[in-house]
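Protein chains in written order, with the numbering used here: chain U, 102 to 482; chain F, 3 to 634.
Heads up, the thing below is written out as structure tokens.
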């Protein structure tokens, strides 16, 4: 007899996590030995060229470690165990761990908004099969860590909007803080979700301003604390409160080339609006299509949240891409790796907003993302 | 006085209500009200009239005597022969509601409470006195009072040494056992010698141990608090459950209220008791007054409380503690369930009913239900705001989290509801322990009993004066230390009784709380030193792994504790307190001061009960009407 009982979301999420761990580990450690296909060559090149690391020789086991980004702090901690000191194992371990946690998070979120389990598994499959994600994992960069915390923040914003579940504010606050600890520039991605959550809190209880006030403290306290710790250690140890930012943006990725373009204001806007839109379209059209359609439908149906949500991802993406163009930002993979997850997040927002017709959103979304992944793999292979 | 061969009264010719009306003791409206209440609760008419304050117990017993044609006896005026009274044990006297008064000319005179239910009494009395028996009617309180007077020593002995007689190992009558003292001396000597011969390794080992324990407590608190905050109570009582309760089937509920030099809060207490949504005739309220506290006794008499409130005077003896008073009250508790309230408490009106539902829904091993505690004067000053944040964290997050994890729960000081018989079986409270509630929580767990948390709040008065707060906090932390030492008398036996999970839970809550406050100033000092002097000595004390753990404790641990307080204010709905919770580290300095004071007192004055002065909020009448928001 078929059971109507849905399996607990946490078990499915744990399973998704485990599958992701196995998948990424398999890909990473067989990349150099799996044969002569173009796929393996591509993977191998990434492993060889783009490996990001903070070698044990550079670690200072004193307060100076707090000037480093979270990935380095965690690596330094792992280096205490000799096993992790060789073959970039510490950074790989962290990349695989956090990338897999994101898979579990996606699975859990899909179930929380009430979509069928099959959609959860399809979403995880799409996430795992995105070449930009695989690239960021096997090159052991800090991006998977950042993406995990960004995803966590956005998912809890959806939960807060959907169910007014107050603990979501806590996870938005913690996710924001740790994401910024991982990479200072993530703050661009996080200001808008925090503001959105705050507006929702205010609209929830307009008679009592203390309500929104307290919601703000919950979300902002971790972030302010992270800034305080960063500035405090930077100033105390190096007499410069922004030293941590320089260390964070040192070109740890070997293959990154800074583009030092400093055009006047109008051409800059041109780059921002035309140039970056084109870049985004070429990087991940499925995300662009999904978010644009969502934006239009939300405006027509007068549903503010999906439209705002789409903008919340668009605006920081444009700003980050733009700042990379003008040379203040060197990270290349954040944008691309986050686009697949963003497309899934847009799907979740729509499903939560239009619960009765969620299939109208997830079926085209999954087809679109899958098609783009497939196309990317064709290019790679 | 007529002596009859048949001691049972003839069937009544007049109803009690009519007799009372004829004697102008009650009005027609009062009778009407009582009859309606009787329909709902199924309780006796006389009991209802007494509980509502319409008549007093003496008058009721006189009228009962008249109705059944038996003589009446006022035990406070008539002499009771102690040797005759001792023909029955105090327990039998209380349970059957009777006491042998005297024996003359072969006739045994026995005072009874219920002349219409003489059969069980008669069977018992017959077995000890085959001759003639004369029954006389008296009031329930007179039986209680006389029993206490006759069995004075037994009562006092039981309330002080009851737990010790059952299991001396569970009683804190000595703060440290000989074995514990020897162990501590050996450890201290070893430490001194090690420090003299190898100072750095010794300090390093100490540092490692402290950092690891600190880390364990921080992670434990965070996980437990989030678990407690994220879900509802294990046994959830819905509105439907309350509606489904049949008042006529509700059991008698004993409320113990120990008061000592608290005459200011008595009017508030009576007001709060009056608001409790439970049939008044089924409330057995006992005001526990100390013999030496004449002021409060006089104030209590002046208030003229309803007939379901009984004054019990606790004979003056050492230790003069709240648990001893509670034990004394426990002996004569009539309720199936029993709860402790402090004098200034304002429980939510439906708390007792919610607890009854919780007990009904719980498993057989559930014998205690803890209500949540919070403060009605939270916005009085900064101290009360911090205190409220702390309580919201503890009662709304940590305790439900412990409950959910199946760990021992250190009970709060008040609003603990028990199954009376099980509490007696456990020996009641430890009169020598200054946090007897926390100790009882652990003891229940050791005996395989469980505690549940009920989603109902009792509002108390937060300590608003700094020195008063420090005294109170000193007592609490000292009590936690006492409880830890008492339980650690036989660590292996404890491990067997609590299990690995239970013993870890006990160490991290009962042991961990004082530990954190004691160790904090040391770590704060070391951190400051490292920033001011950047000494090499400190770097030697912090090898990589310890550096990471200590840094985690400093940076993440402290943040976690502050953040939990911020979260707890939101969960409780005290939105205006969020910003004050951010200043909690200042509050921790006060806690650490109290902790060091407690450590000193544990050695110098282990049983000294630092009484908290209540009634400082200046708003005794402005209690919230069961509203969680309370007074702003």
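Glycine included, each C-beta is placed from N, C-alpha and C at the ideal position.
**Prompt:** Can you give the Cα-Cα distance for residue 554 of chain F and residue 545 of chain F, rounded to whole angstroms?
**Reply:** For residue 554 of chain F and residue 545 of chain F, the distance between alpha carbons rounds to 14 Å.
**Item:** Cβ-Cβ distance between residue 321 of chain F and residue 480 of chain F below 9 Å
**Value:** Cβ distance not < 9 Å, so residue 321 of chain F and residue 480 of chain F don't count as in contact.
**Request:** Within 10 angstroms of the Cβ of residue 169 of chain F, are there 16 or more other Cβ atoms? Answer buried if so, exposed if not.
**Result:** So residue 169 of chain F counts as exposed.
**Request:** Please find out if some non-hydrogen atom of the ligand ADP comes closer than 8 Å to the beta-carbon of residue 220 of chain F.
**Result:** This structure lacks the ligand ADP, and indeed carries no ligand of any kind.
**Residue span of the alpha helix (DSSP H) that contains residue 216 of chain F, given as start and end** = Going by DSSP, residue 216 of chain F is part of the alpha helix (DSSP H) stretching over 201-232.
**Asked** Taking the alpha-carbon positions, what's the residue 453 of chain F to residue 507 of chain F distance?
**Response** Cα atoms of residue 453 of chain F and residue 507 of chain F: separation of roughly 14 Å, rounded to the nearest angstrom.
**Request:** Say whether the segment 369-389 of chain F touches the segment 182-200 of chain F, bearing in mind that this needs 3 or more beta-carbon pairs closer than 8 Å, one atom from each stretch.
**Result:** They do not touch, by the three-pair rule.
**Message:** Please confirm whether residue 553 of chain F has its beta-carbon closer than 9 Å to some beta-carbon of chain U.
**Reply:** At least one chain U Cβ lies under 9 Å of residue 553 of chain F.
**Request:** Please list the segments of the beta strand (DSSP E) lying wholly inside the segment 67-118 of chain F, counting only runs of 3 or more residues, in order along the chain.
**Result:** Listed in chain order, they are 100-106 and 109-114.
**Asked** Among U:193, U:257 and U:291, which residue has its Cα nearest to the Cα of residue 235 of chain U?
**Response** Comparing alpha-carbon positions, the option among U:193, U:257 and U:291 lying closest to residue 235 of chain U turns out to be U:193.
**Asked** When we look at the beta-carbon of residue 568 of chain F and count the other beta-carbons within 10 Å, is it buried (16 or more) or exposed?
**Response** Classification for residue 568 of chain F: buried.
**Residue interval of the beta strand (DSSP E) (run including residue 460 of chain F)** = Run containing residue 460 of chain F: 452-462, per the beta strand (DSSP E) assignment.
**Prompt:** Hey, does residue 294 of chain U have any beta-carbon neighbour from chain F nearer than 9 Å?
**Reply:** Answer no: the Cβ-Cβ gap between residue 294 of chain U and chain F never drops below 9 Å.
**Prompt:** Quick one, which residues of the segment 292-324 of chain U are near chain B if we go by CB-CB under 9 Å, in chain order?
**Reply:** Here chain B cannot be found, since the structure's protein chains are U and F.
**Message:** Can you pull the chain F neighbours of residue 268 of chain U, defined as C-beta to C-beta under 7 Å?
**Reply:** Residues of chain F passing the Cβ test: 231 and 232.
**Item:** is_contact[residue 177 of chain U, chain F] using C-beta, thresh 9 Å
**Value:** Chain F, which has a Cβ nearer than 9 Å to the Cβ of residue 177 of chain U, makes this yes.
**Asked** Just how far apart, CA to CA, sit residue 398 of chain F and residue 264 of chain U?
**Response** Rounded to whole angstroms, residue 398 of chain F to residue 264 of chain U spans 21 Å at the Cα level.
**Message:** Once DSSP output is grouped into helix, strand and coil, what is the label at residue 304 of chain F?
**Reply:** Annotated three-state conformation of residue 304 of chain F is helix, per DSSP.
**Request:** Determine the closest residue to residue 379 of chain F out of F:460, F:366, F:143 and F:206, with distance taken between C-alpha atoms.
**Result:** Checked all of F:460, F:366, F:143 and F:206; the closest Cα to residue 379 of chain F is F:460.
**Request:** Please confirm if residue 107 of chain U has its CB atom under 9 Å from at least one CB of chain F.
**Result:** Low confidence applies here, because residue 107 of chain U scores a pLDDT of 47, under 50, leaving its location unreliable; read the following figure in that light. It does not; no Cβ of chain F falls within 9 Å.
**Asked** Who are the near neighbours of residue 297 of chain U in its chain, counting only those whose CB is closer than 7 Å to its CB and skipping five residues on each side?
**Response** In the same chain as residue 297 of chain U, and ignoring 5 residues on each side of it, the C-beta atoms closer than 7 Å to its own belong to 258, 409 and 413, in chain order.
**Message:** Just checking: is the beta-carbon of residue 351 of chain F within a distance shorter than 9 Å of some beta-carbon in chain U?
**Reply:** Look at residue 351 of chain F: its C-beta is not under 9 Å from any C-beta on chain U.
**Message:** Counting C-beta neighbours from all protein chains within 10 Å, is the total for residue 434 of chain U 16 or more, i.e. buried, or is it exposed?
**Reply:** Low local confidence applies: a pLDDT of 46 at residue 434 of chain U is under 50, so the model's placement there is unreliable, with the coordinate-based value given in what follows. A residue is called buried when at least 16 other Cβ atoms come within 10 angstroms of its Cβ; residue 434 of chain U meets this threshold and is buried.
**Request:** Under 6 Å Cβ to Cβ from residue 415 of chain U, same chain only, skipping five residues before and after it: list those, please.
**Result:** Annotation for residue 415 of chain U: no residue places its beta carbon closer than 6 Å to its own, counting only its chain and skipping 5 residues before and after.
**Request:** State the CB to CB distance for the pair residue 72 of chain F and residue 137 of chain F, rounded to an integer number of angstroms; the pair is presumed to be in contact (CB under 8 Å).
**Result:** Contact holds; Cβ gap of about 6 Å.
**Asked** Is it true that the CB of residue 312 of chain F sits closer than 9 Å to the CB of residue 278 of chain F?
**Response** Cβ atoms of residue 278 of chain F and residue 312 of chain F: not closer than 9 Å.
**Item:** C-alpha gap between residue 36 of chain F and residue 56 of chain F, whole angstroms
**Value:** In a straight line, the C-alpha of residue 36 of chain F is about 9 Å away from that of residue 56 of chain F.
**Whether residue 391 of chain F touches residue 579 of chain F by CB criterion (9 Å)** = Yes, they are a contact pair.
**Residues bridged to residue 342 of chain F [DSSP beta-bridge criterion]** = F:258, per the DSSP bridge assignment.
**Message:** Using the Cβ count rule (16 or more neighbours within 10 Å means buried), how would you classify residue 42 of chain U?
**Reply:** The question about residue 42 of chain U has no answer here: the residues shown for chain U are numbered 102 through 482.
**Request:** Identify every run of the beta strand (DSSP E) within the segment 328-392 of chain F, keeping only runs that are complete inside it and at least 3 residues long; order them along the chain.
**Result:** Counting only runs of 3 or more residues that sit fully inside the segment 328-392 of chain F, the beta strand (DSSP E) segments are 339-342 and 368-377, in chain order.
**Of the listed residues F:290, F:382 and F:295, nearest to residue 343 of chain F (C-alpha basis)** = Nearest of F:290, F:382 and F:295 to residue 343 of chain F, Cα basis: F:290.
**Request:** Consult DSSP for residue 228 of chain U and reduce its assignment to one of helix, strand or coil.
**Result:** Helix at residue 228 of chain U.
**Item:** From F:84, F:107 and F:412, residue whose alpha carbon lies closest to that of residue 101 of chain F
**Value:** Of the listed residues, the one whose Cα sits closest to residue 101 of chain F is F:84.
**Message:** Going by DSSP in three states, residue 315 of chain F sits in which element: helix, strand or coil?
**Reply:** Strand, per DSSP.
**Prompt:** Along chain U, in chain order, which residues have C-beta atoms closer than 8 Å to that of residue 557 of chain F?
**Reply:** Those are 167 and 330, listed as they occur along chain U.
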